[in-house]
Amino acid sequence: MSQSDELAAQDAGDSGDGPIEELAELQVKEEARLEKLFAEQREERGLDDETTLHTFFKLFDMWIQLYRLNKCMEVLPEVVPICRSRGGDFHVKGVQALAFTLWKKSQFNDAVKLFHEIEDLIGCSAALCENMGHTYSSMGNFDKASEYFKRALQCLDKEEELGKKTGDRAGILLGLGLIEDRLGRFEQALASVRESQALFRQRANGKPSSLVAKAGMSIAKILLKLALQEPDDDKRQEMEDEAIIREEENVALFEVTCGEDSPLTASALRGLGEAQKRRGRVPEAIASFARSYQIEAQKDAFDLLGIMEVHNHLFGAHMDLVKLGNPLNRASFRNYLPTVDLALDRVRSMKQDANAGAYYKVAGEFAAFAEEYQRASKLLSEAVCLFKTEDDSKVEGLISHCEELKDFCDAQLSAVRGSATANVSESKS
4 MSQSDELAAQ
14 DAGDSGDGPI
24 EELAELQVKE
34 EARLEKLFAE
44 QREERGLDDE
54 TTLHTFFKLF
64 DMWIQLYRLN
74 KCMEVLPEVV
84 PICRSRGGDF
94 HVKGVQALAF
104 TLWKKSQFND
114 AVKLFHEIED
124 LIGCSAALCE
134 NMGHTYSSMG
144 NFDKASEYFK
154 RALQCLDKEE
164 ELGKKTGDRA
174 GILLGLGLIE
184 DRLGRFEQAL
194 ASVRESQALF
204 RQRANGKPSS
214 LVAKAGMSIA
224 KILLKLALQE
234 PDDDKRQEME
244 DEAIIREEEN
254 VALFEVTCGE
264 DSPLTASALR
274 GLGEAQKRRG
284 RVPEAIASFA
294 RSYQIEAQKD
304 AFDLLGIMEV
314 HNHLFGAHMD
324 LVKLGNPLNR
334 ASFRNYLPTV
344 DLALDRVRSM
354 KQDANAGAYY
364 KVAGEFAAFA
374 EEYQRASKLL
384 SEAVCLFKTE
394 DDSKVEGLIS
404 HCEELKDFCD
414 AQLSAVRGSA
424 TANVSESKS
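If you're matching positions, the sequence shown starts at 4 in our numbering and goes up one per residue.
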């Protein structure tokens, strides 16, 4: 999932009372206040109470902004049936809250069913059609996504003619830009996303805005794609330099609006690292990838694919330095092991198949580079065991690589033990 594919109404602060200012520090304080109030009201009034439910939805807005997805899923299974039985606005708000949460957990098929449930309840609106467009886009169904984004613009035009505005032109333009990007029409995509960001900036009126950063992430990614096609060296460097500037701003905005440990901050850091690496600023790229990796390893909605991507980016950046004649920085790999351990804890709680084995393999490689040979050997053995549960033709090369590296690690351990034994014998004599 691209973190730029954010949902419309929720991310625009569509909570009814108007959003709290987008500063993570203030949001954390408000979260604590609302959690206390919700717990008290739930105890005194029960969950099936109008006041308690209103407080919950205010709290939900804080949780979803701060990516407290586990907290959301602890309460929503109880809240949604109550909201459905109450009907009306509560039905819509309850189902919408669950849809947003599932969307952010990358459960797009489940989320889109809930959006269709809302569509059956209230009909089409610009905001709802935009949300469905983003969801179909994330599912890879670009025809459906395009259909709903176009319907969103039609709804928006009608709503504005009637003097009301329930949709978000900037968000719709962002969605359309993402579709153009995925269809390979990068010039059109860049124009659409730039217009989207300009509207988000205008709305923010000088204040920090996560929406400005979300559009900025798409701008940076598209610039890097266009740079690959640009034959003129000066123009290509200009695109890459702008991508770095955009991603630096994105990181800063997400840190302020969503928090330093937000998955959005992690995504922006990874994008920054990619842009820095492209311009040859490899040590800076390594720092960006390493920080992104740490956040990815501990976020609520753990994504093994995202972990593997940033792991490989980090590894690749170190190899780039080696190719430039620098020695392998083993101390850095030792520093990464606590992050790897965090990710390993999460992977061990998943289904133990070849996908888990793939992470054990790369984690074992990091441990070997850190000269933690015993740990590396164990991880590589686990990887081989899981790879052997798959079709040999698909994993034969992976198994061979793991076994060769494991043999090397075991040889290093034997050499260390032999040296230690020799030293003891010499001391006795």
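In this text, a Cβ means the ideal position worked out from N, Cα and C, and glycines have one as well.
With 16 or more other CB atoms across the displayed protein chains lying within 10 angstroms of its CB, GLY178 is buried. Secondary structure note for GLY274: its alpha helix (DSSP H) is the uninterrupted segment 266-281. Per DSSP, the continuous alpha helix (DSSP H) segment holding PRO286 begins and ends at 285-301.
A distance below 7 Å separates the beta carbons of ILE298 and ASP264.
Per DSSP, THR392 is not a residue of any alpha helix (DSSP H), being assigned neither H nor E. If you compare the alpha carbons of GLU312, GLY319, GLU252 with that of VAL215, the shortest gap goes to GLU252. Each residue's CA atom was taken as its position, placing SER212 and GLU245 some 19 Å apart. Here the segment 321-337 makes no contact with the segment 125-140; the two share fewer than three CB pairs at distances below 8 Å. In the structure shown, SER212 falls within a coil segment according to DSSP collapsed to helix, strand and coil.
The DSSP-derived three-state label of ASP52 is coil.
Here DSSP, grouped into helix, strand and coil, assigns PHE305 to coil.
For GLN200, the number of other beta carbons within 10 angstroms of its own is at least 16, and it is reported as buried. Around ARG337, the same chain offers ALA373 as residues with beta carbons nearer than 6 Å, after the five sequence neighbours per side are excluded. Relative to ALA300, the option among THR104, HIS314, PHE257 whose CA is nearest is HIS314. Membership of GLU245 in the alpha helix (DSSP H) is indicated by the continuous run 236-260. Counting only the Cα atoms, ARG249 lies some 11 Å from LEU256. Judged by beta-carbon spacing, CYS405 lies beyond the 7 Å limit of ALA379, meaning their Cβ atoms are not closer than that value.
Residue range 357-372 is occupied by the alpha helix (DSSP H) that includes LYS364. Comparing alpha-carbon positions, the option among GLY209, ILE247, ALA218, ASN208 lying closest to LEU227 turns out to be ILE247. Assignment of LEU331 by DSSP, reduced to helix, strand and coil, places it in the coil class. The C-alpha of ALA155 lies about 42 Å from the C-alpha of ARG351. If you draw a 10 Å sphere on the C-beta of LYS224, you find 16 or more other C-beta atoms in it, and that means buried.
Excluding its 5 nearest sequence neighbours in each direction, LEU382 has C-beta neighbours in its own chain below 7 Å: TYR363, ALA366, GLY367, ALA370, listed in chain order.
The beta carbons of ALA271 and LYS108 sit no closer together than 7 Å. Under the 8 Å Cβ criterion, the segment 113-123 does not count as touching the segment 158-167, having fewer than three qualifying pairs. Cβ contact annotation for GLN205 (same chain, cutoff 8 Å, sequence separation greater than five): none.
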